[in-house]
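Chemist:
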Amino acid sequence: MTERKAQLTVEGHDKPIDLPIYPGTLGPDVVDVRGLIKSGFLTYDPGFMSTASCESDITYINGGEGVLLYRGYPIEQLAEHSSFLETCYLLLHGELPSAGERLEFENTIRYHTMVDQGVHRFFNGFPRNAHPMSMLVSVVGALSAFYHDELDISDPTQRTLVAQRIIGKMPTLAAMCYKHGIGQPFMYPRNALSFPENFLHMMFGTPCEENAVSPVLARAIDLIFLLHADHEQNASTSTVRLAGSTGANPYSCFAAGVAALWGPAHGGANEAVLKMLGEIGTESRIDEFIRRAKDPNDPYRLMGFGHRVYKNFDPRAKVMREVCNDVLEDVGEAADNDLFRIARRLEQIALEDDYFINRKLYPNVDFYSGIILKALGIPTSMFTVIFAMGRTPGWMAHWDEMVGGAYRIGRPRQLYRGPGMRDYPVK
Ligand code: SDX
Numbered sequence: 005m006t007e008r009k010a011q012l013t014v015e016g017h018d019k020p021i022d023l024p025i026y027p028g029t030l031g032p033d034v035v036d037v038r039g040l041i042k043s044g045f046l047t048y049d050p051g052f053m054s055t056a057s058c059e060s061d062i063t064y065i066n067g068g069e070g071v072l073l074y075r076g077y078p079i080e081q082l083a084e085h086s087s088f089l090e091t092c093y094l095l096l097h098g099e100l101p102s103a104g105e106r107l108e109f110e111n112t113i114r115y116h117t118m119v120d121q122g123v124h125r126f127f128n129g130f131p132r133n134a135h136p137m138s139m140l141v142s143v144v145g146a147l148s149a150f151y152h153d154e155l156d157i158s159d160p161t162q163r164t165l166v167a168q169r170i171i172g173k174m175p176t177l178a179a180m181c182y183k184h185g186i187g188q189p190f191m192y193p194r195n196a197l198s199f200p201e202n203f204l205h206m207m208f209g210t211p212c213e214e215n216a217v218s219p220v221l222a223r224a225i226d227l228i229f230l231l232h233a234d235h236e237q238n239a240s241t242s243t244v245r246l247a248g249s250t251g252a253n254p255y256s257c258f259a260a261g262v263a264a265l266w267g268p269a270h271g272g273a274n275e276a277v278l279k280m281l282g283e284i285g286t287e288s289r290i291d292e293f294i295r296r297a298k299d300p301n302d303p304y305r306l307m308g309f310g311h312r313v314y315k316n317f318d319p320r321a322k323v324m325r326e327v328c329n330d331v332l333e334d335v336g337e338a339a340d341n342d343l344f345r346i347a348r349r350l351e352q353i354a355l356e357d358d359y360f361i362n363r364k365l366y367p368n369v370d371f372y373s374g375i376i377l378k379a380l381g382i383p384t385s386m387f388t389v390i391f392a393m394g395r396t397p398g399w400m401a402h403w404d405e406m407v408g409g410a411y412r413i414g415r416p417r418q419l420y421r422g423p424g425m426r427d428y429p430v431k
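Mapping the sequence shown onto this note's numbering, position 346 (from 1) lands on 350, and the numbers just tick up by one.
1. Give the straight-line distance between the Cα atoms of THR250 and GLY398, rounded to the nearest whole angstrom.
2. Nearest CA to the CA of ALA297: which residue from GLY310, GLU287, GLY285?
3. Nearer than 8 Å: is that true of the beta carbon of ARG363 relative to any heavy atom of the ligand SDX?
4. In chain order, which continuous runs of the alpha helix (DSSP H) of length 4 or greater are located wholly inside the region 154–234?
5. How about MET174 and THR396: are their beta carbons less than 9 Å apart?
6. Check each candidate in ASN316, CYS181, ARG417, ILE376 and name the one with the smallest Cα separation from PHE45.
7. For the beta strand (DSSP E) holding ALA10, just list the boundary residues, first then last.
8. Below 7 Å CB to CB, which residues in the same chain sit around MET5 once its five sequence neighbours on both sides are set aside?
9. Can you tell me whether PHE52 is buried or exposed? The criterion is at least 16 other CB atoms within 10 Å of its CB, across all chains shown.
10. Per DSSP, which one or two residues make a beta bridge with VAL71?
11. Which partner residues does ASP22 have in the DSSP bridge list?
12. Can you say whether GLU326 is buried or exposed, counting buried as having 16 or more other CB atoms within 10 angstroms of its CB?
13. What did DSSP end up calling LEU127 once you bin it into helix, strand or coil?
14. Can you tell me whether LYS183 is buried or exposed, with buried defined as 16 or more other CB within 10 angstroms of its CB?
15. In the structure shown, what three-state DSSP assignment does PHE309 receive?
16. For the alpha helix (DSSP H) holding SER142, just list the boundary residues, first then last.
17. Round the Cβ separation of ASN301 and GLY374 to the nearest angstrom and send it over; I've been treating them as touching at under 8 Å.
18. DSSP on PRO445, reduced to helix/strand/coil?
19. Could you work out which residue in ASN202, CYS181, MET207 is closest to SER138 when comparing CA atoms only?
20. Could you tell me which of LYS322, GLY39, GLY129 sits nearest to ILE21, measuring between CA atoms?
21. Hey, would you say the C-beta of LYS279 is under 8 Å away from at least one heavy atom of the ligand SDX?
22. In the DSSP assignment, find the alpha helix (DSSP H) that holds ILE113 and state where it starts and stops.
23. Note down, in chain order, each residue of its chain lying with its Cβ closer than 6 Å to the Cβ of GLU351, except the 5 sequence neighbours on either side.
24. In angstroms, rounded to a whole number, what distance separates the CA positions of ALA392 and ILE382?
25. So what does DSSP say about PRO50, is it helix, strand or coil?
26. Are ALA233 and GLY394 closer than 9 Å when you measure CB to CB?
27. For GLU405, count neighbouring Cβ atoms within 10 angstroms of its own Cβ and tell me buried if that reaches 16, exposed if not.
28. Return the bridge partner residues of VAL35 from the DSSP annotation.
29. How would you label PRO254, buried or exposed, when you count the other beta carbons within 10 angstroms and need 16 or more for buried?
30. Run the CB neighbour count on GLY282, radius 10 Å, all protein chains shown included, and call it buried at 16 or more, exposed below.
31. Grouping DSSP H, G and I as helix and E and B as strand, with all else coil, what is PHE317?
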């Protein structure tokens, strides 16, 4: 196929600059600007609104149509027919597993759920009221202390082992962050339980009695993980790639992703949505908050609304809204859950308001997830930890895809606006 190209003509430059154009399987074509520096120019794109940082086969998003594909499969179909662990396999290996491959993968993950006893002792150093994300980012990074020397990231088998270890250990570490905060003993994983059941067991079980896990709630938390599993080059995934591009230990790259996710503009939004719905309190106060969100002089934003890529409904929010109904019915809150009622009303009002319509601001993945998590009995401070658990396979799939290919250290440039060269005032 003849190579298409763009031509950049610059006033004062006699020759136009040829820039190759590459097509994707789906989505926008890209203009390769790597040669631009030879002509003395850089591209300028703070926030990377129009920048493709890499080539990837993993996830595709069509923001205009609200489409999300994991390795080509629509998120709605995976949500209906798949499981989180099967989706982890798909993201990591590119294809859905056979029945035998799925069972083998589930077993492999099961036997990586325990963490070194040394990790237990880290928690003794955290204050009881430490935010769970501050503990998670610390202990995940600390895993590099246990798995560094023998690690060869050029070996695909060892890269797969890193991904399996982290996927297996995240539920255990997450539950430890929760248990530390409430002063209860850590619960060890139980191999007889499924992945979601094991997590809920480690979260809410105690050594004093058997803890029966509701299959509806186990399915709901598994679906929450699945819906968060990957999302193309979002801020935290780009952070993992940038850290990984230096050849750093993968557990530390993963910890960098956890750190980036914590921000309220990103994965911290689910916690912020619950706080916002609580502040609104009654449907009669919704207009006041809509007014604040629209006021250009007020930095307040409607949490759980808007998205850099989706300019239509976030398909994950639609699935979450349905799951909300099921979970609230299972816990007997369907009728009088104020938060859900306020959320539905807020969504309805916002979607009829020109400010949100003109800016194509729709509910995103975080808008309903918090209501489900709260109904599951998970405290608000743990919401972003749950998001990090879900995003684990995505972060590891992108890290593996980059390290397994021809990659260079990520090193952006800048538009320098500082002082010109000047001499030190020698007295
Ligand atoms: C996630 O990237 C991913 O894929 C992330 C994620 C994933 O799975 O990894 O999908 C997960 O992070 C979802 C987003 C969660 N964050 C929130 O819900 C926080 C609230 N949302 C906003 O902060 C905002 O919408 C962002 C950060 C999500 C997107 O910001 P952009 O793309 O930089 O958009 P912008 O800030 O330039 O806003 C464009 C306009 C502005 O108004 P004008 O200056 O044009 O007048 O829309 C307004 C903004 O003020 N706007 C909002 C708004 N979001 C954008 N106004 C009110 N409330 C909002 N929520």
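For every residue, glycine included, the Cβ atom is placed at its ideal position computed from N, Cα and C.
Modeler: If we stick to the structure as given:
1. Working through the sequence shown from its first residue, we reach residue 250 at position 246. Working through the sequence shown from its first residue, we reach residue 398 at position 394. One alpha carbon belongs to THR250, the other to GLY398, and they sit about 19 Å apart.
2. What you label residue 297 is simply residue 293 of the sequence shown in a count that begins at 1. That would be GLY310, whose Cα lies nearest to the Cα of ALA297.
3. Counting from one through the sequence shown, the residue named residue 363 turns up at place 359. Yes, the ligand SDX has a heavy atom inside 8 Å of this Cβ.
4. Listed in chain order, the complete alpha helix (DSSP H) runs (minimum 4 residues) inside the region 154–234 are 160–186, 199–208, 219–231.
5. What you label residue 174 is simply residue 170 of the sequence shown in a count that begins at 1. What you label residue 396 is simply residue 392 of the sequence shown in a count that begins at 1. Closer than 9 Å, so yes.
6. Taking the first residue of the sequence shown as position 1, residue 45 is located at position 41. Nearest of ASN316, CYS181, ARG417, ILE376 to PHE45, Cα basis: ARG417.
7. Here the question's residue 10 lines up with position 6 in the sequence shown. Looking at the DSSP string, the run of the beta strand (DSSP E) that includes ALA10 is 8–12.
8. Here residue 5 is taken as the residue at index 1 of the sequence shown, counted from 1. Its pLDDT being 48, under 50, MET5 is placed unreliably in this model, and the coordinates cannot settle the point.
9. Taking the first residue of the sequence shown as position 1, residue 52 is located at position 48. Exposed: under 16 other Cβ atoms inside 10 Å.
10. Here residue 71 corresponds to residue number 67 of the sequence shown, with the count starting at 1. As a beta-bridge residue in DSSP terms, VAL71 pairs with ASN66.
11. Position 18 of the sequence shown, counted from the start, is the residue given in the question as residue 22. Under DSSP, ASP22 forms a beta bridge with GLN11.
12. Reading the sequence shown from its first residue, position 322 is the one you call residue 326. Result: exposed.
13. Taking the first residue of the sequence shown as position 1, residue 127 is located at position 123. Note on residue identity: the sequence assigns Phe, not Leu, to residue 127. It is helical.
14. Counting from 1 along the sequence shown, the entry for residue 183 is found at position 179. LYS183 is buried by the Cβ-count criterion.
15. One-based indexing of the sequence shown puts residue 309 at position 305. The answer is strand: DSSP assigns PHE309 an E or B state.
16. Taking the sequence shown and counting its residues from 1, the one referred to as residue 142 is at position 138. Here the alpha helix (DSSP H) through SER142 covers 136–150.
17. By one-based count along the sequence shown, residue 301 stands at place 297. By one-based count along the sequence shown, residue 374 stands at place 370. The Cβ separation is near 28 Å, so there is no contact.
18. Residue 445 is absent from the model: the chain starts at 5 and stops at 431.
19. Reading the sequence shown from its first residue, position 134 is the one you call residue 138. The alpha carbon of SER138 has as its nearest neighbour, out of ASN202, CYS181, MET207, the alpha carbon of CYS181.
20. For the purposes of this step, residue 21 is taken as residue 17 along the sequence shown, with counting starting at 1. Scanning LYS322, GLY39, GLY129 for the CA closest to the CA of ILE21 turns up GLY39.
21. Reading the sequence shown from its first residue, position 275 is the one you call residue 279. Within 8 Å of the C-beta of LYS279 there is not a single heavy atom belonging to the ligand SDX.
22. Taking the first residue of the sequence shown as 1, we reach residue 113 at position 109. Element bounds for ILE113: 103–114.
23. Taking the first residue of the sequence shown as 1, we reach residue 351 at position 347. Counting only Cβ-Cβ distances below 6 Å, and skipping sequence neighbours, we find PRO367.
24. Stepping through the sequence shown from its first residue, residue 392 is reached at position 388. Stepping through the sequence shown from its first residue, residue 382 is reached at position 378. Per the coordinates, the alpha-carbon of ALA392 lies some 14 Å from the alpha-carbon of ILE382.
25. The count along the sequence shown starts at 1 and reaches residue 50 at position 46. Here PRO50 sits in helix by DSSP.
26. One-based indexing of the sequence shown puts residue 233 at position 229. One-based indexing of the sequence shown puts residue 394 at position 390. Yes; because the gap between Cβ atoms is below 9 Å, this pair is in contact.
27. As a first step, residue 405 must be located in the sequence shown, where it is residue number 401. The residue is buried, with at least 16 neighbouring Cβ atoms inside 10 Å.
28. Reading the sequence shown from its first residue, position 31 is the one you call residue 35. VAL35 is bridged to ILE25.
29. Start at 1 with the first residue of the sequence shown, and residue 254 comes out as number 250. Result: buried.
30. Here the question's residue 282 lines up with position 278 in the sequence shown. Counting other Cβ atoms within 10 Å of its Cβ, GLY282 stays below 16 and is therefore classed as exposed.
31. In the sequence shown, counting from the first residue as 1, residue 317 sits at position 313. Taken through DSSP and simplified to helix, strand or coil, PHE317 comes out as coil.
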